[in-house]
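J.: A single structure is presented below for examination.
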Amino acid sequence: MKKKVIVACGGAVATSTIAANKVVELCKKNGIDVEICQVRISEIQSNLPADLIVTTSKVKRDFGVPLITGMPFISGMGVEKTEASILKVLQG
Amino acid sequence: MIWETLKPALIFPGAEAASYEEVFQQVGGALTAAGYTKSTYVEALIEREREYPTGLDVDGWGVAIPHTPVEHVNSETVIAIAIFKNPVEFVQMGTDDETVGVRIVFMLAIAGKPGEHGAHLDELQRIIAIIQDTGLLQNLLNAQSAEEIIKLIEEKEKTL
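Take a look at the structure:
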């Protein structure tokens, strides 16, 4: 079944582009059929439902969907752990 | 590649600033003065940084990648680089109040159509590869001239 991942940042220009690409690569490598929806934080709500939200900015709201920070894709610190958490949600 | 598009006039080794607002006024102001960004750019950087901070702690090296929505940028995507003598306090990306002392700023003036996603992926990935290379970051801190900074980035990009 196709999984939908919302990837969001402040402007949907820079950091979410990086994070979205990483999620696509990760899913491809693990045989997960994924649809990416790259939006601004303020547009998350209107793009639900989704299986997972990945953001590179802080989000305090609970959208009722697993939310994982994609920050490690930018800083390079803790990438493996983040990838494992994403896989756990999408394969679980 | 990025190094080919870097402009010595938009690279500032030995910069000094007391706050990120000052960083934005200096570096963003230079981008606007050179015609790459609109008069709204600096204010947009400040506004965005408050809401969505761009400081990064890369294994102890403080880096920031301030940028704005495309509306504030003219037709060409350009990158300005500033290396600060002393750390400037930025809030870390993805946090509310965790700060990081930043000495290396890559200011991205990203051009494009509003609502267009996924553009500039190649350039952005190169920037990310650069900021994740702490050996390169250390060399950037030691660089004395714009030409030296461009050379360091050229050498890095040739390995990508």
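Sequences listed follow chains D and E, in order.
If you count by numbering that gives the first Met the number 0, then the first sequence holds residues 0 to 91, one letter each, in order.
If you count by numbering that gives the first Met the number 0, then the second sequence holds residues 0 to 159, one letter each, in order.
C-beta: ideal position from N, C-alpha, C; glycine also.
Determine, using beta-carbon pairs with one atom in the stretch 74-94 of chain E and one in the stretch 37-44 of chain E, whether at least three such pairs fall under 8 Å.
T.: no
J.: Check for me: the alpha helix (DSSP H) holding glutamine 25(E) runs from which residue to which?
T.: Counting along the chain, glutamine 25(E) sits inside no alpha helix (DSSP H), nor does DSSP assign it H or E at all.
J.: Near valine 88(D), what residues of its chain come up, given a Cβ to Cβ distance below 8 Å and the 5 sequence neighbours on each side ignored?
T.: Asp50, Leu51, Pro65 and Ile67
J.: Is the shortest distance between the beta-carbon of threonine 98(E) and the beta-carbons of chain D less than 8 Å?
T.: Not a single CB atom of chain D sits nearer than 8 Å to the CB of threonine 98(E).
J.: By the criterion of Cβ-Cβ separation under 9 Å, what are the contact partners of arginine 49(E) in chain D?
T.: Neighbours of arginine 49(E) on chain D: none; closest Cβ ~10 Å, over 9 Å.
J.: So with CB distances below 9 Å, who are the chain E contacts of asparagine 20(D)?
T.: Gly117, Leu120, Leu123 and Gln124
J.: Establish whether the CB of glutamine 137(E) and some CB of chain B are separated by less than 8 Å.
T.: The question asks about chain B, but that chain is absent: this structure's protein chains are D and E.
J.: Would you verify that the beta carbon of alanine 49(D) is, or is not, closer than 8 Å to some beta carbon of chain E?
T.: no
J.: Using the C-alpha atoms, what's the distance from isoleucine 130(E) back to leucine 136(E)?
T.: 7 Å
J.: Taking the Cβ atom as the reference point for each residue, do alanine 13(D) and leucine 107(E) lie within a distance shorter than 8 Å?
T.: yes
J.: Helix, strand or coil, according to DSSP, for lysine 155(E) in the structure here?
T.: helix
J.: Can at least three beta-carbon pairs, one atom from the stretch 85-94 of chain E and one from the stretch 51-67 of chain E, be found at a separation below 8 Å?
T.: yes
J.: Any C-beta of chain E sitting closer than 8 Å to the C-beta of glycine 10(D)?
T.: Against chain E, the CB of glycine 10(D) has a partner CB under 8 Å away; the residue lies at that interface.
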